[in-house]
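Engineer:
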DNA sequence: ACTTTTTGTTTTGTATACAAAATAGTGGCC
DNA sequence: GGCCACTATTTTGTATACAAAACAAAAAGT
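Chains as they are written, first to last, in our numbering: chain A, 1 to 211; chain B, 1 to 211.
The structure is reproduced here in structure tokens:
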């Protein structure tokens, strides 16, 4: 692993804090404060904020500062529609490229999800769930598909996270992975993408309830 | 139309030069030289380069400068696969949301394509063709889908442009739009996405020949 | 002649300084 | 007391300065 540069480090920390929910949508990010906090000048801070803005995690107004992106229900619906399509495409491609390794990685990620869900570890489940979907992205063998899928995942992270309120929510989510895996492992592209579509739709229904 | 800021202007100019082919893949972009050329300091240049890097149009090495992205055949194949999926998804959504306006806009863009093709105006056709696909993106009613589709279009621009060598190439391309429009206007999502898939596949076959 | 080391130059990354714009705060006015 | 204008302060955007790393070139050694 190559040592991350200063701005990559800042980028990672902020991304993490947003996905965890420490920085909530609508919050303003003050360059000067961040500079002081990270012990650097404003220059690398601005660079990191720029990159995060390009990823859609932050939004920037004209001479008006940078904010954690917040979306209306309408916008959220559009983002989820796009994510829905991309996830379905990933499932489709993955189903056609499965091999022993990718199957094992998906299964492994799923077992981590179940473990976290059963022990009621919310933060652990969030991580495991992301890893599960990442395993599917990786199974596509296509880093470009994986990249955009990951980007949407990050953008919607703060909103999706809210839907895991009770321990039962975690278990329900983990169990719904079971069908999805079966559909993808069928190696039939239509079955796989439809499986993902219904998984994503269910996820969005839950998400809309809490946003 | 809001007046573009300095860095937006730089971004637009560079994007244009890359898509036109004035700046070819692999070329290094010198910050100092660009600063001098645009009559600004290195700071806004760096910001623009950063944004373009985030969009995948440029690639940046560690302390090694910024280059116009160049892709191997393998990478090109992966990018086109992703683009293929996204375009198909756009066609799918657009077919479900068509209205009088979006139909008209798509037809209008197509007539511009035909006009440019018939008069052998290569540069004009490139623009018109982009506008045609943009009209489909717009017809999705989903700015997020449109955004990623546009991004892929920009990334692949320099490679796709090469395939239009003769006047006949333009005419062939414009005529192949005809079927695509019919498929999308059928308002059947499967027909629409399959139509786009075959259009994109044909496009990629031609692209691979010249890359 | 070829490799390797050393030196000099270019170029990136970061810090600091400054100008212009936006926001907040104060005082005057109705 | 509430509203508007004006000033002060903060904050963004850009320019400049400097340190460190990469690159190129020349010199020394084998």
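Note that the Cβ used here is the ideal one computed from N, Cα and C, for glycine as well.
Could you check whether the Cβ of residue 236 of chain B sits closer than 9 Å to any Cβ belonging to chain A?
Structural biologist: Past the edges of chain B, shown from 1 to 211, lies residue 236 of chain B, and the structure says nothing about it.
Engineer: Identify whether residue 164 of chain A lies in helix, strand or coil by the three-state DSSP scheme.
Structural biologist: Coil, per DSSP.
Engineer: What separation, rounded to the nearest whole angstrom, lies between the Cα atoms of residue 12 of chain A and residue 61 of chain B?
Structural biologist: If you take the alpha carbons of residue 12 of chain A and residue 61 of chain B, they lie about 18 Å apart.
Engineer: For residue 172 of chain B versus residue 199 of chain B, is the C-beta distance shorter than 9 Å?
Structural biologist: Cβ atoms of residue 172 of chain B and residue 199 of chain B: not closer than 9 Å.
Engineer: Residue 157 of chain B: buried (16+ other C-beta within 10 angstroms of its C-beta) or exposed?
Structural biologist: Answer is buried; the Cβ neighbour count reaches 16.
Engineer: Beta-carbon separation of residue 167 of chain A and residue 120 of chain A under 9 Å?
Structural biologist: Yes.
Engineer: As a quick exercise: from A:184, A:39, A:82, pick the residue whose alpha carbon is nearest that of residue 151 of chain A.
Structural biologist: For residue 151 of chain A, the nearest C-alpha among the options comes from A:82.
Engineer: Which residues, taken in chain order from the segment 117 to 148 of chain A, show a beta carbon closer than 7 Å to some beta carbon of chain B?
Structural biologist: Those residues of the segment 117 to 148 of chain A that come within reach of chain B (Cβ to Cβ, closer than 7 Å) are 142, 143, 144, 145, 148.
Engineer: Please give the ranges of any alpha helix (DSSP H) in the segment 56 to 100 of chain A, keeping only runs that are unbroken, at least 4 residues long and fully inside the region.
Structural biologist: With a minimum length of 4 residues, the continuous alpha helix (DSSP H) runs that stay inside the segment 56 to 100 of chain A are 73 to 97.
Engineer: So residue 207 of chain B and residue 160 of chain B are supposed to be a Cβ contact under 8 Å. How far apart are they, rounded?
Structural biologist: Contact flag correct, Cβ pair sits at about 5 Å.
Engineer: Let me check one thing: in DSSP terms, what residues is residue 29 of chain B bridge-paired to?
Structural biologist: The partner list for residue 29 of chain B (beta bridge, DSSP) reads B:66.
Engineer: Once you ignore the five residues that flank residue 7 of chain B on each side, which residues in its own chain have a CB closer than 7 Å to its CB?
Structural biologist: Excluding positions up to five away in sequence, the list reads 44, 47, 48.
Engineer: Run down chain A in chain order and give the residues with a C-beta less than 7 Å from the C-beta of residue 47 of chain B.
Structural biologist: Those within 7 Å of residue 47 of chain B in chain A are 50.
Engineer: If the criterion is Cβ atoms closer than 9 Å, does the pair residue 174 of chain A and residue 90 of chain A meet it?
Structural biologist: Cβ distance not < 9 Å, so residue 174 of chain A and residue 90 of chain A don't count as in contact.
Engineer: By the criterion of Cβ-Cβ separation under 8 Å, what are the contact partners of residue 55 of chain A in chain B?
Structural biologist: Ordered by position in chain B, the residues that pass the 8 Å Cβ test against residue 55 of chain A are 54.
Engineer: Kindly list the residues whose CB is nearer than 7 Å to the CB of residue 109 of chain B, restricted to its own chain and excluding five residues on each side of it in sequence; keep chain order.
Structural biologist: Once the five neighbours on either side are set aside, the close Cβ partners of residue 109 of chain B are 128, 131, 132, 135.
Engineer: Which residue marks the beginning of the alpha helix (DSSP H) containing residue 203 of chain A, and which one marks its end?
Structural biologist: Residue 203 of chain A -> alpha helix (DSSP H) spans 189 to 209.
Engineer: Any chance the segment 179 to 190 of chain B sits against the segment 62 to 74 of chain B, with 3 or more Cβ pairs inside 8 Å?
Structural biologist: At 8 Å Cβ cutoff, the stretches do not touch.
Engineer: Starting from residue 74 of chain B, find everything on chain A with Cβ-Cβ shorter than 7 Å and list it in chain order.
Structural biologist: Under the 7 Å cutoff, chain A gives no residues; its nearest Cβ is about 11 Å from residue 74 of chain B.
Engineer: Beta-carbon separation of residue 50 of chain A and residue 50 of chain B under 9 Å?
Structural biologist: Going by C-beta atoms, residue 50 of chain A is nearer than 9 Å to residue 50 of chain B.
Engineer: 9 Å is my cut-off, CB to CB: does residue 92 of chain A come that close to chain B?
Structural biologist: So, interface residue.
Engineer: Excluding the 5 residues flanking residue 250 of chain B on each side, which residues of the same chain have their C-beta closer than 7 Å to its C-beta?
Structural biologist: For residue 250 of chain B there is no data in the structure shown, the boundaries of chain B being 1 and 211.
Engineer: State the Cα-Cα distance for the pair residue 85 of chain B and residue 28 of chain B, rounded to the nearest angstrom.
Structural biologist: Rounded to whole angstroms, residue 85 of chain B to residue 28 of chain B spans 31 Å at the Cα level.
Engineer: Check the C-beta distance from residue 87 of chain B over to residue 196 of chain B and give it rounded, since I have them as a contact under 8 Å.
Structural biologist: Residue 87 of chain B to residue 196 of chain B, Cβ: 5 Å. Contact.
Engineer: Do residue 139 of chain A and residue 102 of chain A count as a contact pair if the criterion is CB distance below 9 Å?
Structural biologist: It is a contact, given that the beta carbons lie within the stated cut-off.
Engineer: By Cβ distance, which residues of its chain are closer than 8 Å to residue 209 of chain A, with the 5 residues on each side in sequence left out?
Structural biologist: Closer than 8 Å at the Cβ level, and outside the excluded window around residue 209 of chain A, lie 163.
Engineer: Taking the C-alpha atoms as reference points, what is the distance between residue 14 of chain B and residue 5 of chain B?
Structural biologist: Going by the C-alpha atoms only, they are around 14 Å apart.
Engineer: Quick check on residue 111 of chain A: does DSSP put it in helix, strand or coil?
Structural biologist: Helix at residue 111 of chain A.
Engineer: Locate the alpha helix (DSSP H) running through residue 50 of chain B, then write down its first and last residues.
Structural biologist: Here the alpha helix (DSSP H) through residue 50 of chain B covers 42 to 54.
Engineer: What residues in the segment 162 to 176 of chain B bring their beta carbon closer than 9 Å to a beta carbon of chain A?
Structural biologist: Answer in chain order: no residues at all.
Engineer: Mind listing the chain A neighbours of residue 79 of chain B? Cutoff is C-beta to C-beta under 9 Å, in chain order.
Structural biologist: In chain order: 142, 144.
Engineer: Give, in chain order, every residue of the segment 179 to 209 of chain B whose Cβ lies closer than 7 Å to some Cβ of chain A.
Structural biologist: Taking 7 Å as the Cβ-Cβ cut-off against chain A, none of the residues of the segment 179 to 209 of chain B qualify.
Engineer: Residue range of the alpha helix (DSSP H) that residue 120 of chain A falls in?
Structural biologist: Premise fails: residue 120 of chain A is in no alpha helix (DSSP H) and is neither H nor E.
Engineer: Can you find the residues in the same chain that come closer than 8 Å, C-beta to C-beta, to residue 142 of chain A, ignoring five residues on each side of it along the sequence?
Structural biologist: Hits under 8 Å: 93.
Engineer: Can you say whether residue 165 of chain A is buried or exposed, counting buried as having 16 or more other CB atoms within 10 angstroms of its CB?
Structural biologist: Exposed, since its Cβ has fewer than 16 Cβ neighbours within 10 Å.
Engineer: Does DSSP classify residue 228 of chain A as helix, strand or coil?
Structural biologist: No answer is possible for residue 228 of chain A: the residues shown for chain A start at 1 and end at 211.
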